[in-house]
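Colleague:
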Amino acid sequence: MTPTSALPGDAAPRPELSTWQRIAYGLGDVFGGGAGVLLSVTYLFFLTSIVRIEPVLAGSILLISRVYDAITDPLEGVLADRTRTPLGRRRPYLLAGIPLIVIALTLLYYPVAFESQAGRFVFVLVAYLLFSTVSSIVLLNYNALHSELTLDYNERTSLSSIRIAFSTFSSLVVAVVPLWMVDQFQNPRTGYLVMGVTFGLIFALPYIATVTALRERPEFQGEPKPFNFRETFIEPLRIKTYAVLLIMYLSAFVAIDVVLAITQYYITYYMGRGGTATSAVLGVLLIFQAISVLLYFQLSKRTSKRVGYMVGAAIWIVTMTFSLALTPQQPAWFIYVFAAFVGLGTGGVVVMTYSMFPDIPDVDELQSGQRREGVFASLQTFMRKLAAGLALFMVGLAIDLAGFIEPIEQTVDGVTTLINQPQSDTFTFVIRLVFALVPIVFLTIGLLAASRYPLDQPTHARLKGVLDVRRDRREEDEAIQQEAAALKQLLVRREGA
48 MTPTSALPGD AAPRPELSTW QRIAYGLGDV FGGGAGVLLS VTYLFFLTSI VRIEPVLAGS
108 ILLISRVYDA ITDPLEGVLA DRTRTPLGRR RPYLLAGIPL IVIALTLLYY PVAFESQAGR
168 FVFVLVAYLL FSTVSSIVLL NYNALHSELT LDYNERTSLS SIRIAFSTFS SLVVAVVPLW
228 MVDQFQNPRT GYLVMGVTFG LIFALPYIAT VTALRERPEF QGEPKPFNFR ETFIEPLRIK
288 TYAVLLIMYL SAFVAIDVVL AITQYYITYY MGRGGTATSA VLGVLLIFQA ISVLLYFQLS
348 KRTSKRVGYM VGAAIWIVTM TFSLALTPQQ PAWFIYVFAA FVGLGTGGVV VMTYSMFPDI
408 PDVDELQSGQ RREGVFASLQ TFMRKLAAGL ALFMVGLAID LAGFIEPIEQ TVDGVTTLIN
468 QPQSDTFTFV IRLVFALVPI VFLTIGLLAA SRYPLDQPTH ARLKGVLDVR RDRREEDEAI
528 QQEAAALKQL LVRREGA
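The opening position of the sequence shown corresponds to residue 48 in the numbering used here, with each subsequent residue numbered one higher.
1. Give me the residue from Val291, Ala386, Ala302 and Leu307 with the minimum Cα distance to isoleucine 334.
2. So, with DSSP's three-state summary, where would you put glutamate 412?
3. CA-CA distance, leucine 248 and isoleucine 184?
4. From Gln233, Ile364, Ile255 and Leu226, pick the residue whose C-alpha is nearest to that of methionine 242; which is it?
5. Please classify glutamate 522 as buried or exposed, where buried requires at least 16 neighbouring CB atoms within 10 angstroms.
6. What do you get for isoleucine 281, buried or exposed, if any count of 16 or more other CB atoms within 10 angstroms of its CB means buried?
7. Given alanine 308, which residues of its chain have a CB within under 7 Å of its CB, disregarding the five upstream and five downstream residues?
8. So phenylalanine 429 and aspartate 116 are supposed to be a Cβ contact under 8 Å. How far apart are they, rounded?
9. Threshold first: 4 residues or longer. Then list the alpha helix (DSSP H) segments lying entirely within the segment 64-110, N to C.
10. Below 8 Å on the Cβ atoms is my guess for alanine 251 versus valine 149; work out the distance and round it to an integer in Å.
11. What does a CB cutoff of less than 7 Å around threonine 51 pick up in its chain, not counting 5 residues either side in sequence?
12. Measure the alpha-carbon distance for leucine 538 versus valine 488 and round it to whole angstroms.
13. Are the Cβ atoms of leucine 342 and leucine 261 separated by less than 8 Å?
14. Can you have a look at glycine 106 and say buried or exposed, based on whether 16 or more other CB atoms are within 10 angstroms of its CB?
15. Given 8 Å as the limit, is there contact between the segment 284-302 and the segment 485-501, that is, 3 or more CB pairs closer than that?
16. Excluding sequence positions up to five away, which residues of its chain have a Cβ less than 6 Å from the Cβ of alanine 531?
17. Looking at the structure shown, is glutamate 525 part of a helix, part of a strand, or coil, going by DSSP?
18. Check whether the Cβ of isoleucine 478 lies closer than 8 Å to any Cβ atom in chain C.
19. Excluding the 5 residues preceding and the 5 following tyrosine 101 in the sequence, name in chain order all residues of the same chain whose CB lies nearer than 8 Å to its CB.
20. According to DSSP, simplified to helix, strand and coil, what is glutamate 162?
21. Just to confirm before moving on: does the CB-CB distance between tyrosine 175 and leucine 240 stay below 8 Å?
22. Can you give me the C-alpha to C-alpha distance between arginine 129 and leucine 122, rounded to a whole angstrom?
23. Given this structure, state the Cα-to-Cα distance separating valine 181 from leucine 147, to the nearest angstrom.
24. Should the segment 204-223 be regarded as contacting the segment 69-84, the criterion being three or more beta carbon pairs within less than 8 Å?
25. Once DSSP output is grouped into helix, strand and coil, what is the label at phenylalanine 451?
26. Tell me the residue span of the alpha helix (DSSP H) that contains glutamine 233.
27. Ordered along the chain, which non-local residues of its own chain (more than five positions away) have a Cβ less than 7 Å from that of alanine 256?
28. Leaving aside the five residues before and after leucine 391 along the sequence, list all residues of the same chain whose C-beta is less than 7 Å from its C-beta, in chain order.
29. Nearest CA to the CA of tryptophan 67: which residue from Leu198, Thr259 and Gln233?
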């Protein structure tokens, strides 16, 4: 028996995406890549040093928002999957996100100055929840669009490489420009506000190209099945391929966000170098991450996406062990070489995980007969924000317990500056441990998960063959039924499930 499908008509093959369509899709990740790095690099420091919220409270804001996301993100994914408009399921949300991104970034970096810390805490919490909602709506639909643009295994990797190139370029700009921009203003409070508005515009406007250049597949927009809570929220997590990928993804991005969040403290207070040095180190890291994207794309074509992930994670783990040998006396070039190798490692885990996610709705279609890109993209978006929340909470808690001493604000002749205070040996020791060991632990978890990832190119070709028969409404012969059963055993069923 062929499962009931929500796909009307044939899933007719479409020509390869044009160069402009690939670029237009990649432009959408200017927000996806840049916003996460912007918050990881600047936001905890902004909250503790500018808004003057205690580090543990600042970290708790990010953790509270993850609980909020756990409730709202899946609901937003269901809503997107069930949306039917002349523009399709995804593009209306990208269009609405253009003004909302600007508003959210402006409020996020508004240097609220209430006398009460409780008042400042509530303002920041509301602003962060607004940003979290907007980013969820935009990014889950952007990520879901990836699966619809092409059904080809290698073309999806190519499309992922292009979006990661834009994402990395955005991350590179964000690693260098925001702190430089803040330094151009006499009052850093004004600098952060202007920076927030500016990057709100930079992140929002590229979606104009994404919305106008791309078209969704009409055959994926049939009448959805009646809503079922278990099928929507529980069953996806029982798909073995997806569960393994979520572990790989969460592990990698917790490691990335910890490094990004703590680098400014590490460079400033342990290495004894200023904000410019932080920007330079992050810039080198991201440049080499961008360079590595093409290398990992070729490696994945010759081997598999799983191997590409494992190579990147291994390079990064080995590199982080050497961070324990870094000292303030070492020359700048040594630090930049270290950052370059970190970038070569992050490139592998980033481009491979993003190229794996578009294959997951195909696995789900084998099991459910539905196209639920929105549900899977919402869980992916939630995991990305969970990684950032966990990372920033851990860093905030660590620096609070280690006895972080806030900078002193000093105003002379109308010019306000922040004077960094000497930190204790305990503080610098904790910073070094977090910087090195947390990424190593999480990347090791990711490596172990990757060793169990079952979907490669030959297996995806088999999967596509079965799905093509079902989409064409052809009768399944015994060979196809046996193939479908074998693929379900390999890709869907978890041990003990």
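A virtual CB, placed ideally from N, CA and C, is assigned to each residue, including glycine.
Modeller: On the basis of the supplied data:
1. Ala386
2. helix
3. 17 Å
4. Leu226
5. exposed
6. exposed
7. Ser87, Leu91, Ala438, Leu439 and Val442
8. 5 Å
9. 66-74 and 76-85
10. 5 Å
11. At threonine 51, the pLDDT of 37 sits below 50, so the modelled position is not reliable and the matter cannot be decided from this model.
12. 27 Å
13. no
14. buried
15. yes
16. Val513
17. helix
18. No chain C is part of this structure, which consists of one protein chain only.
19. Checking the sequence shown, residue 101 turns out to be glutamate, not tyrosine. Closer than 8 Å at Cβ, skipping near neighbours: Thr95, Gln164 and Asp447.
20. coil
21. no
22. 11 Å
23. 7 Å
24. yes
25. coil
26. Per DSSP, glutamine 233 belongs to no alpha helix (DSSP H) and is neither H nor E.
27. Ala71 and Leu74
28. Phe335, Ser339 and Ile362
29. Thr259
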